[in-house]
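Chains as they are written, first to last, in my numbering: chain A, 1 to 319; chain X, 1001 to 1319.
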């Protein structure tokens, strides 16, 4: 008999929580009992018998629960930003650093943009040593939760009816800078997460990186335009070869017909789609590429479920 | 009595042509006669008495007409890409290089993204010497003409009705790589225009630049995220001071409320809006900024009309 697990999901009614539940079923995760908590009913929640706990209700809920959880012996997978940058908490993508998973303690799952970008960039970094990244993220509405997705629909209907709006973050045929708090540096919190977490994920504390996050009128799936300067001598041929072999990455290009990955192509897909590879002639050993991925899957729920799979026989191979 | 001019507009029924007509009126341009041609009725068009000719019907029409026009003594302003990179044709933005205008010959007006970007970058280049630019453009539908704007509306209505599509360039809550022809370099033609024209506009043949063009579901106005490495020692304080003084540039930031320029803010506006200035810590003397402008105005029609104004008393000052 295979071992089965007592699983708890905190934030089970949110967009990411729902995807976790769907993936546990789809991937045939060996569940013994399943306990679901929304952020409303966690006050008296007990995790005494939990063996795996997913925290998908945001940073403040994770912070509230962490003391209660630390007493348990569970594998805790926090999808929020609450503890990602703490030294004693590993930031996990199983394909990159699955060996760091703390099977009876707290693990963090990274920011959506950072995880979608890190998966194809990790093999590039291993082979050629990435020196500097300039990343521009086209972030979808569902990354901001149900409310932002509803706003996208409402504002788009207004725009189609030619209504005008004074809302500075009007979302009908319009885009705007990510509305996470602006820091003294001029970067917004989302951009800082991307920059900090990329360094931690790639285990490259000296990696230079600048990120820009823009909210675009797309329902689901983030796109990222990335400029990557490497130390080693890159060639396009080897980039294709390398990423063809990378599990979880799909090269999606029809260059003859000028077709590359779009958000609609990746919705519901587990892979991170890449393309538009080109040598940037403006610096030596520099690559431009285009990355599109479902931020609710590999950018959140899927990565968390893959971490949990390290307790089972269905482990992901590291890249 | 002020001198008045015989003006011809080729492509007068297109999106840019219409804006030229509106601007001539709005800016009280001294028109004596106005001759309008659509691309359908140019075969027998005569420009014998024209003193100013706007070519706004695309590159192939400009190429067809150029021999007939060269015989004239007119100020020719070509808004297409047909001749922009030819050595004997100046690429003009009046604020940058108005002194190069050929008053009785052919002048080119630059690509929309290049012009919106060059206006704020020119004073930065003059002061600190730009070494390298990484630019990511969020390009609106109307840059692709009436057909693409209609497609945006049609596809968005389909998306709101939850219809799915196999169109790789589906435009309902979706974005895609700019569909201009893909070159052997892996850049699309639009990106090559931006890179080549920035060098010519800034008179900086050695400027290093890489560009990415993405078509986003926005009706009108392009946005550009720009990473700018300079030679000289930049400071944010001086960047603000410099751009505050730059004619045609408007700093649009409400940092306290996290409000920056959006496409909807600039539609119909002549200025290029800038903001989100921040020092990129990943390279010395490097600036991140966000530029949004109406690509039909300063990105096309307005710049062309400003070139024509060099024949009148209403000249633009160079920056």
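Using N, Cα and C, we set each Cβ at its ideal position, and we do this for glycine too.
Within chain A, partners of residue i - CB distance below 8 Å
i: residue 1157 of chain X; result: 160
i: residue 1124 of chain X; result: Going along chain A, no residue has its Cβ under 8 Å from residue 1124 of chain X, so there is no contact; the nearest lies around 16 Å.
Distance between residue j and residue i (C-alpha atoms, nearest Å)
i: residue 241 of chain A; j: residue 1113 of chain X; result: 34 Å
i: residue 1066 of chain X; j: residue 1059 of chain X; result: 10 Å
i: residue 1281 of chain X; j: residue 1234 of chain X; result: 12 Å
i: residue 1084 of chain X; j: residue 183 of chain A; result: 42 Å
i: residue 260 of chain A; j: residue 273 of chain A; result: 9 Å
i: residue 128 of chain A; j: residue 287 of chain A; result: 11 Å
i: residue 1045 of chain X; j: residue 1010 of chain X; result: 10 Å
i: residue 1075 of chain X; j: residue 1228 of chain X; result: 35 Å
i: residue 189 of chain A; j: residue 1180 of chain X; result: 35 Å
i: residue 1041 of chain X; j: residue 217 of chain A; result: 39 Å
i: residue 1310 of chain X; j: residue 1178 of chain X; result: 34 Å
i: residue 203 of chain A; j: residue 239 of chain A; result: 21 Å
i: residue 297 of chain A; j: residue 1170 of chain X; result: 22 Å
i: residue 1027 of chain X; j: residue 1307 of chain X; result: 13 Å
i: residue 1176 of chain X; j: residue 1154 of chain X; result: 16 Å
i: residue 1199 of chain X; j: residue 289 of chain A; result: 23 Å
i: residue 14 of chain A; j: residue 8 of chain A; result: 14 Å
i: residue 1291 of chain X; j: residue 106 of chain A; result: 42 Å
Bounding residues of the alpha helix (DSSP H) (the contiguous stretch that carries residue i)
i: residue 1061 of chain X; result: 1059 to 1070
i: residue 156 of chain A; result: 145 to 160
i: residue 1125 of chain X; result: 1112 to 1128
i: residue 1305 of chain X; result: 1302 to 1308
i: residue 199 of chain A; result: 189 to 201
i: residue 264 of chain A; result: 263 to 266
i: residue 251 of chain A; result: Unbroken run through residue 251 of chain A is the beta strand (DSSP E), 249 to 251; no alpha helix (DSSP H).
i: residue 970 of chain X; result: Nothing can be reported for residue 970 of chain X, as the shown portion of chain X is limited to 1001 through 1319.
Span of the beta strand (DSSP E), counted from its first residue to its last, around residue i
i: residue 1244 of chain X; result: Looking at the DSSP string, residue 1244 of chain X is not in any beta strand (DSSP E); the run it does join, the alpha helix (DSSP H), is 1236 to 1244.
i: residue 1101 of chain X; result: No beta strand (DSSP E) holds residue 1101 of chain X; DSSP gives it neither H nor E.
i: residue 1036 of chain X; result: 1031 to 1037
i: residue 208 of chain A; result: 208 to 215
i: residue 222 of chain A; result: 222 to 230
i: residue 1278 of chain X; result: 1272 to 1279
i: residue 83 of chain A; result: Per DSSP, residue 83 of chain A belongs to no beta strand (DSSP E) and is neither H nor E.
i: residue 288 of chain A; result: 286 to 293
i: residue 1009 of chain X; result: 1005 to 1010
i: residue 54 of chain A; result: 52 to 55
Assigned exposure category for residue i - 16 Cβ within 10 Å defines buried
i: residue 244 of chain A; result: exposed
i: residue 185 of chain A; result: exposed
i: residue 93 of chain A; result: buried
i: residue 71 of chain A; result: exposed
i: residue 205 of chain A; result: exposed
i: residue 1220 of chain X; result: buried
i: residue 12 of chain A; result: buried
i: residue 1099 of chain X; result: exposed
i: residue 1284 of chain X; result: exposed
i: residue 164 of chain A; result: exposed
i: residue 1081 of chain X; result: buried
i: residue 247 of chain A; result: exposed
i: residue 1025 of chain X; result: exposed
Contact check, residue i vs residue j, beta carbons under 7 Å
i: residue 1122 of chain X; j: residue 1096 of chain X; result: yes
i: residue 17 of chain A; j: residue 43 of chain A; result: no
i: residue 1303 of chain X; j: residue 1193 of chain X; result: no
i: residue 108 of chain A; j: residue 78 of chain A; result: yes
i: residue 19 of chain A; j: residue 301 of chain A; result: yes
i: residue 149 of chain A; j: residue 293 of chain A; result: no
i: residue 33 of chain A; j: residue 6 of chain A; result: yes
i: residue 1295 of chain X; j: residue 1222 of chain X; result: yes
i: residue 1191 of chain X; j: residue 1225 of chain X; result: no
i: residue 1031 of chain X; j: residue 134 of chain A; result: no
i: residue 1264 of chain X; j: residue 174 of chain A; result: yes
Closer than 7 Å at the beta carbon, the chain X residues around residue i
i: residue 227 of chain A; result: 1134, 1210
i: residue 148 of chain A; result: The contacting residues do not exist; residue 148 of chain A stays about 13 Å from chain X at best.
i: residue 255 of chain A; result: 1182
Closer than 8 Å at the beta carbon, the chain X residues around residue i
i: residue 174 of chain A; result: 1218, 1262, 1263, 1264
i: residue 153 of chain A; result: 1160
Chain-ordered chain A contacts of residue i [CB-CB under 7 Å]
i: residue 1185 of chain X; result: 278
i: residue 1270 of chain X; result: Here the premise fails: no neighbours, minimum Cβ distance about 19 Å.
i: residue 1006 of chain X; result: Here the premise fails: no neighbours, minimum Cβ distance about 37 Å.
i: residue 1197 of chain X; result: Residues of chain A passing the Cβ test: none, with the nearest at roughly 15 Å.
i: residue 1259 of chain X; result: 168
Partners in chain X for residue i, counting only beta-carbon separations shorter than 9 Å
i: residue 205 of chain A; result: Simply none; closest approach about 13 Å.
Chain A contact residues for residue i, given Cβ-Cβ distances below 9 Å
i: residue 1290 of chain X; result: 177, 212, 214
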